[in-house]
Structures are given as structure tokens and as C-alpha cells.
Amino acid sequence: MLDVWIDSIISGILLGLVYGLAAIGLSLIWGVMKVINLSHGAFIALGMFTAYFLFAFGLNPYLGVPIIFALGIILGIAVYFVALHRIIDAPELSTLLSTFSISLFIIGLGTFVWTTIPYAIDIHVGSISIGNITILGTKVIAGIVSIILTILLYIFLYRTKTGKAVRAVSMNRVAAELMGINTTRILALSFGIGIALAMTAGALIATIFPFTILSGGVYELKSFVICVLGGLGSPIGALVGGLILGIIENVITLQIPTGLVPFIEFTILVAVLLIKPSGLLGGEV
Amino acid sequence: MILKVENITKRFGGLVAVNNVSFEVNEKEILGIIGPNGAGKTTLFNVISGIYKPEKGKVIFDGKDITGLPPFKIARLGIARTHQIVKPLNELTVKENVMVGACFGREYLDLDSAEKVAEDVLKFVGLYEKADLLAGKLNVPEKKRLELARALASKPKLILLDEVLAGLNPVEVMEMVEVIKKIRESGVTILMIEHLMHAIMQISDRIIVLDYGQKIAEGKPEDVANDPKVIEAYLGDPELVLKLTKR
Chain A
3 MLDVWIDSII SGILLGLVYG LAAIGLSLIW GVMKVINLSH GAFIALGMFT
53 AYFLFAFGLN PYLGVPIIFA LGIILGIAVY FVALHRIIDA PELSTLLSTF
103 SISLFIIGLG TFVWTTIPYA IDIHVGSISI GNITILGTKV IAGIVSIILT
153 ILLYIFLYRT KTGKAVRAVS MNRVAAELMG INTTRILALS FGIGIALAMT
203 AGALIATIFP FTILSGGVYE LKSFVICVLG GLGSPIGALV GGLILGIIEN
253 VITLQIPTGL VPFIEFTILV AVLLIKPSGL LGGEV
Chain B
2 MILKVENITK RFGGLVAVNN VSFEVNEKEI LGIIGPNGAG KTTLFNVISG
52 IYKPEKGKVI FDGKDITGLP PFKIARLGIA RTHQIVKPLN ELTVKENVMV
102 GACFGREYLD LDSAEKVAED VLKFVGLYEK ADLLAGKLNV PEKKRLELAR
152 ALASKPKLIL LDEVLAGLNP VEVMEMVEVI KKIRESGVTI LMIEHLMHAI
202 MQISDRIIVL DYGQKIAEGK PEDVANDPKV IEAYLGDPEL VLKLTKR
């Protein structure tokens, strides 16, 4: 019985890291742009399909991560200029509706092209066994890739000049612009990175679970719960939130039906909002 | 002449916030802008620094027409500013705040050089001991110094100071006035808005007076102070003022 628990916890940690990656994207977009990105799930699903087609063309999805990330940045920047740039100073409802319409657009098109039949990436990278515990290799790699990307993001945000500009814009856009920062470029880049993180997380999830174009929604909701857990706008908080959610999700399904997982997640969401709205790791709001 | 403002008009709906204002700023000069509340002083700053596009008129900086350029480009050309309501980047340290100014200012420095500049500037404004504190933790006079440091770190040719003396006690005002004088000595031109009369009269080479968006007077501080139009703008009826001052 103990083995089952350890197995679940390890799976939870690895999956949690991937969920955390998607949530960091959401958190970054909110933190820098004050945009609630309702198209996050759609881009997660798009990342899943990108990984699927790269794999179908013979490219290992893990080696494809840089390509998917780059594609995400380009798509994100394009979407920023098409759908967000002109309303970035409008009240949050406008950008929220705009990202929602992007989501509808992607999912509508995706449903038309790929229907809603489940797809799966049939990749085998073996597994790791310690005693009675066996962890799938795909989960291990997904977890490691997520950690690497999070570290890279941290180096970018805290050790580079452009990263400094991103943080300055997140704190005060007007002051940043007056200090000589091209805030339009920073906003576009931030949205690009946020989308790239979503798509990469999607690609990693696609190597573990089967998916449809509608699957993104589930992970988008997880991202929101994670962001609230970790405190919106804090990347490390999002990662920790992801770990917590991943572990909870894997451990409770030992005892209760999987169908109740969203219910539990939303109970956590409501509880955190009631008790500590700034998030478990969040500072002052 | 480093800055030339020509017939600037800025409207907000039916309200004419700045009405056909023209003036010039000479190199290494301190030009004060005064006027009652709502006279359009800050709006004028916002037009110069690119936050607002004027409906009419031109802003020429260093021989170049900068009207309608985005604020970040104007900042990189060498116009820095401070704000009446301070805008520090609260979750960065004091030094990091100043580094942002240096990184993206006129010299567009890399992080290492920016750090050196930041340290120098913080010593200059007397905030060096607080360098590693989060900017949000500073008190108001310190935040004003931080704004000044951030502006200076961008190595501007012209600095726009929006009420840097407001909210300071007399000792702090004196210290700040000294800092402003030192800035001018270092070769930076200063355009400043100020409500604190004795300070701005003492420090400025020339003064312009705005009222209801219009320039009503321009000249040496002592001339402006005795101009009946200026007295009327501030106190209402000039004859009454004369009576009161005679008594």
C-alpha cells in the first residue's frame, strides 16, 4: 500500500511540474499585461497537436520542444498585435472577451480539422523502477523539461536586461515607458512567452495522456487553480502551486473516483480565495 | 536652445487643458513653470514626454521634431522626468529601479555598466545607504529622490521635474534644492513645475506662468512675481491684493 502512495506522489510531482509550467504562462501574462488569458487552454491543446504532428513526421516530441516554444512565441506575438494591442488599456473585461474569442476561434477551427476524436502520441521511453515503484519515462522527462524551462525563464527574468524590462513593465507600465522601455514590444514578448509555455506544457502532457482539441480546457482550469494557490503573478509560486495540485490530484484519486477531481480542485480554489486570496506564497495584493 | 514648444494645444473633450502655449528652454537653464491647480502644467509635461499627443503645435528637442513620438523614444533621446505622484517599481530594490533608468535611457547601457551608474547616481542624490531596500519601503521624500535618481541615471540632456519639492519638510526642501542645483552644474537642463514659491523663485533663471491652459506671463522670477496678471491668477482681484499689500 505504501508503494502505491509513493508512486502516486512521485507521479503527482512530475505532472505537477508540467501543470506548473502552463500556469507560469498564465501567471506571466496576468502579471505583466493584466490580461486574463482565456485562450490558454486552446493554446495548450494547440501545443498537443503540434507535438503530435512533429511526432508523426518522425521528430521526437522532447527534441521538438524548442520548435514548439519558438512557434508559441511567434503565435503569441501575432495574436497580441491582432487581438490585444488595441485594447490593452481598456478595462480587463475587453481583453478577457478578446482572449475568449481567440479560444473559440482556435477550438472551432481545431474541431473542424481534427474533430474531437482522441489522439495520442505513441512514444515509448521505457520506465524507471525502484523496488515495486515504476514511474513512466514520459512523466520523468516531462517533469525534467518543465524544471529546465522554469530555470531558463528565471534566468531570463532576473539576469537579463530584457527580463528587467519585463519586470519593470509588470510593476508600472507608464513609468517603464517613460524610462525608455518599449512597452509595446515587452507586452507582445510577454504574451508570446506565456503562449509558448502553454503550448510546451501541452506538448509534454500529450506525451503522457491522450487528448482532443477540447482537452486544453481542463488544464486551463488547473492553471487558474494553481495561480490562485501560488499567488498570481509569481512564477515560482505557480510552480509550487502546480506541485501541490499535482500531488493532491494523484493522491486523492487513490480513494475517490477520478470524476470528482475537478470538484476537489474547485473546492481548493474557493477555499484559498476565502482564506488567503493572495495565494499561499503570495505577498500583499 | 534645447527645447522649443510651439503653439501646443491639448484638449480633453470640451476642456482645453493647454491652449496655444509656446516657450523655449535654453541649454543649462532652470526654467520654472508655475500656475494655480488645473492650469495645465502636468498636461504640458505629458505632451512633452509623449504621453499625450497634442491636437496642435510642435515640440522640438535638440533640433528634432519629437511631437507624437512614443514616450520610450523620447526618453531615449534624452528627456527624463519625475512625477508629481511618485511611480517607483515597488517590487524592485532601489538600486534596480535606478538601473532600469540607466539600462533603457539615452546611453542604453548593459546591466553591469548600469549598476555602476546606479551606484554613482544614488550617491549623488544621497540614497546610497538604501540601495538594497525594496522601493516600496521608502518614505515619500526618499521616493522623490529615487524618482530623481532614476531620471538622472538615464543621462538626460533635459529633465522634467514635476513637483519634486511637494510634501517635503523645510529641511528636506533645502536638501533637494541643493541637489537640483548640482544637477544643473553637471550640465543638465531643467524644466520644473513647482508650487513652492520661495523655492522656485530662488532657483529658477526664468519662470513661465500658466493659467487655464494659457501662458499669462514669462520672465525673470522677480518680474513675474510682481505681474498683476499673475497675482490675479493666484489671488483673484489684483486691486484688492495691492490694497492688502499696501496696508
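Going line by line, the protein sequences match chains A and B. Just so it is clear: in the first sequence, position 31 is 33 by this note's numbering, and no numbers are missing. Just so it is clear: in the second sequence, position 230 is 231 by this note's numbering, and no numbers are missing. Ideal Cβ positions, reconstructed from N, Cα and C, are used throughout, including at glycine.
Open item on the list: Against chain C, with Cβ distances strictly below 7 Å, would residue 146(B) count as a contact?
Closed with: Reference to chain C is not applicable here, since the protein chains of this structure are A and B.
Task: C-beta neighbour in chain A for residue 14(B), strict 7 Å - done: Along the second sequence, one-based indexing puts residue 14(B) at 13. No, no contact with chain A.
Open item on the list: Is it buried or exposed, residue 132(A), if we count other Cβ atoms within 10 angstroms and call 16 or more buried?
Closed with: On the first sequence, position 130 is the one that residue 132(A) refers to. So residue 132(A) ends up on the exposed side.
Task: Cutoff 7 Å: residue 90(B) Cβ touching any chain A Cβ - done: Taking the first residue of the second sequence as position 1, residue 90(B) is located at position 89. True, the Cβ-Cβ gap to chain A drops below 7 Å.
TODO: Using the Cα positions of residue 170(A) and residue 238(A), report the straight-line distance between them to the nearest angstrom.
DONE: Within the first sequence, residue 170(A) is the residue found at index 168, counting from 1. Within the first sequence, residue 238(A) is the residue found at index 236, counting from 1. In a straight line, the C-alpha of residue 170(A) is about 18 Å away from that of residue 238(A).
Open item on the list: For the stretch 197–206 of chain A against the stretch 144–156 of chain A, do three or more pairs of beta-carbon atoms, one drawn from each stretch, fall closer than 8 Å, so that the two count as touching?
Closed with: yes
TODO: Quick one: grab the DSSP three-state call for residue 287(A).
DONE: For the purposes of this step, residue 287(A) is taken as residue 285 along the first sequence, with counting starting at 1. Residue confidence is low: residue 287(A) scores 37 on pLDDT, short of 50, so the model does not pin down where it sits. Its coordinate-derived value is still stated next. In the three-state DSSP reduction, residue 287(A) falls in the coil class, being neither helix nor strand.
Open item on the list: Which residue marks the beginning of the beta strand (DSSP E) containing residue 25(B), and which one marks its end?
Closed with: As a working note, residue 25(B) is residue 24 in the second sequence. Annotation for residue 25(B): the continuous beta strand (DSSP E) segment containing it runs 16–26.
Open item on the list: Measuring straight from C-alpha to C-alpha, what distance separates residue 257(B) and residue 67(A)?
Closed with: Outside the shown range of chain B, which is 2 to 248, sits residue 257(B), and nothing can be said about it.
TODO: For chain A, find out if any of its Cβ atoms is closer than 7 Å to the Cβ of residue 77(B); answer yes or no.
DONE: For the purposes of this step, residue 77(B) is identified with residue 76 of the second sequence, where counting begins at 1. By this cut-off, residue 77(B) is an interface position.
Open item on the list: Check whether chain B comes within 7 Å of residue 240(A), counting only Cβ atoms and requiring the distance to be less than that.
Closed with: Counted from its first residue, the first sequence places residue 240(A) at position 238. Chain B, which has no Cβ nearer than 7 Å to the Cβ of residue 240(A), makes this no.
Open item on the list: Can you tell me whether residue 121(A) is helix, strand or coil according to DSSP?
Closed with: Taking the first residue of the first sequence as 1, we reach residue 121(A) at position 119. Strand at residue 121(A).
Open item on the list: Do residue 18(A) and residue 245(A) count as a contact pair if the criterion is CB distance below 7 Å?
Closed with: Residue mapping note: residue 245(A) aligns to position 243 of the first sequence, counting from 1. Residue mapping note: residue 18(A) aligns to position 16 of the first sequence, counting from 1. Cβ atoms of residue 245(A) and residue 18(A): closer than 7 Å.
TODO: Could you confirm whether any beta carbon from chain A is found closer than 7 Å to the beta carbon of residue 99(B)?
DONE: For the purposes of this step, residue 99(B) is taken as the residue at position 98 of the second sequence. Judged by the 7 Å Cβ criterion, residue 99(B) is not in contact with chain A.
- [ ] Establish whether the CB of residue 72(B) and some CB of chain A are separated by less than 7 Å.
- [x] Against the second sequence, residue 72(B) aligns to sequence position 71. Chain A contact via Cβ: present.
Open item on the list: So within the stretch 29–88 of chain B, which uninterrupted alpha helix (DSSP H) runs reach at least 4 residues, ignoring any that extend past its ends?
Closed with: 42–49 and 72–78
Task: Proximal residues of chain B, C-beta to C-beta of residue 157(A) below 9 Å - done: By one-based count along the first sequence, residue 157(A) stands at place 155. Identification of chain B residues near residue 157(A) by a Cβ-Cβ cut-off of 9 Å yields none; the smallest Cβ-Cβ distance measures about 13 Å.
- [ ] Give the DSSP-derived three-state secondary structure of residue 195(B) in the structure shown.
- [x] Here residue 195(B) refers to the residue found at position 194 when the second sequence is read from its first residue. Under the three-state reduction of DSSP, residue 195(B) is assigned to coil, being neither helix nor strand.
- [ ] Would you please verify whether the beta carbon of residue 35(A) is less than 7 Å from any beta carbon of chain B?
- [x] As a working note, residue 35(A) is residue 33 in the first sequence. So, not an interface residue.
Task: Per-residue DSSP class, three states only, for residue 203(B) - done: Taking the first residue of the second sequence as position 1, residue 203(B) is located at position 202. Helix at residue 203(B).
Open item on the list: Looking only at its chain, what residues have a beta carbon closer than 7 Å to the beta carbon of residue 103(B), apart from the 5 residues adjacent to it on each side?
Closed with: Looking up residue 103(B) in the second sequence gives position 102. If we look at residue 103(B) and ignore the five residues flanking it on each side, its Cβ neighbours are 110, 115, 118, 119, 154 and 155.
Open item on the list: Can you tell me where the alpha helix (DSSP H) holding residue 244(A) begins and where it ends?
Closed with: Taking the first sequence and counting its residues from 1, one reaches residue 244(A) at position 242. It spans 237–254 - the alpha helix (DSSP H) in which residue 244(A) sits, taken as one unbroken run.
Open item on the list: For a cutoff of 7 Å on Cβ pairs, would you count residue 69(B) as touching chain A?
Closed with: Indexing the second sequence from 1 puts residue 69(B) at position 68. By this cut-off, residue 69(B) is not an interface position.
Open item on the list: Distance cutoff 7 Å, beta carbons only. Does residue 190(A) sit that close to anything in chain B?
Closed with: Position 188 of the first sequence, counted from the first residue, corresponds to residue 190(A). Answer no: the Cβ-Cβ gap between residue 190(A) and chain B never drops below 7 Å.
Task: Pair within 7 Å by beta-carbon distance, residue 98(A) and residue 38(A) - done: Counted from its first residue, the first sequence places residue 98(A) at position 96. Counted from its first residue, the first sequence places residue 38(A) at position 36. Yes, Cβ-Cβ distance for residue 98(A) and residue 38(A) is below 7 Å.
TODO: Determine the contact status of residue 252(B) and residue 190(B), defining contact as a CB-CB distance below 7 Å.
DONE: Any property of residue 252(B) remains undetermined from this structure, which presents chain B solely from 2 to 248.
Open item on the list: Quick check: residue 212(B) and residue 58(B), are their CB atoms within less than 7 Å of each other?
Closed with: Indexing the second sequence from 1 puts residue 212(B) at position 211. Indexing the second sequence from 1 puts residue 58(B) at position 57. Going by C-beta atoms, residue 212(B) is not nearer than 7 Å to residue 58(B).
TODO: Report the three-state DSSP secondary structure of residue 12(A) (helix, strand or coil).
DONE: Translated into positions along the first sequence, residue 12(A) becomes position 10. Helix, per DSSP.
Task: Length of the line joining the Cα atoms of residue 66(B) and residue 229(B) - done: For the purposes of this step, residue 66(B) is taken as residue 65 along the second sequence, with counting starting at 1. For the purposes of this step, residue 229(B) is taken as residue 228 along the second sequence, with counting starting at 1. Rounded to whole angstroms, residue 66(B) to residue 229(B) spans 35 Å at the Cα level.
Open item on the list: Once the 5 residues before and after residue 87(A) are set aside, which same chain residues still bring their CB inside 8 Å of it?
Closed with: Mapped onto the first sequence, residue 87(A) falls at position 85. Contacts found: 186, 189 and 190.
Task: Contacts of residue 167(A) in chain B (Cβ-Cβ under 8 Å) - done: Taking the first residue of the first sequence as position 1, residue 167(A) is located at position 165. 101, 104 and 105, listed in chain order.
- [ ] Please list the partners that residue 50(A) has in chain B, where partner means a Cβ-to-Cβ separation under 7 Å.
- [x] By one-based count along the first sequence, residue 50(A) stands at place 48. Under the 7 Å cutoff, chain B gives no residues; its nearest Cβ is about 34 Å from residue 50(A).
Task: Any chain A beta carbon closer than 7 Å to residue 161(B) - done: For the purposes of this step, residue 161(B) is identified with residue 160 of the second sequence, where counting begins at 1. By this cut-off, residue 161(B) is not an interface position.
- [ ] Tell whether a beta-carbon distance below 7 Å holds between residue 64(B) and residue 107(B).
- [x] Here residue 64(B) refers to the residue found at position 63 when the second sequence is read from its first residue. Here residue 107(B) refers to the residue found at position 106 when the second sequence is read from its first residue. The answer is no: Cβ separation not under 7 Å.
Open item on the list: Under 7 Å, Cβ to Cβ, is there at least one residue of chain A near residue 112(B)?
Closed with: Position 111 of the second sequence holds residue 112(B). Yes, residue 112(B) counts as interfacial toward chain A.
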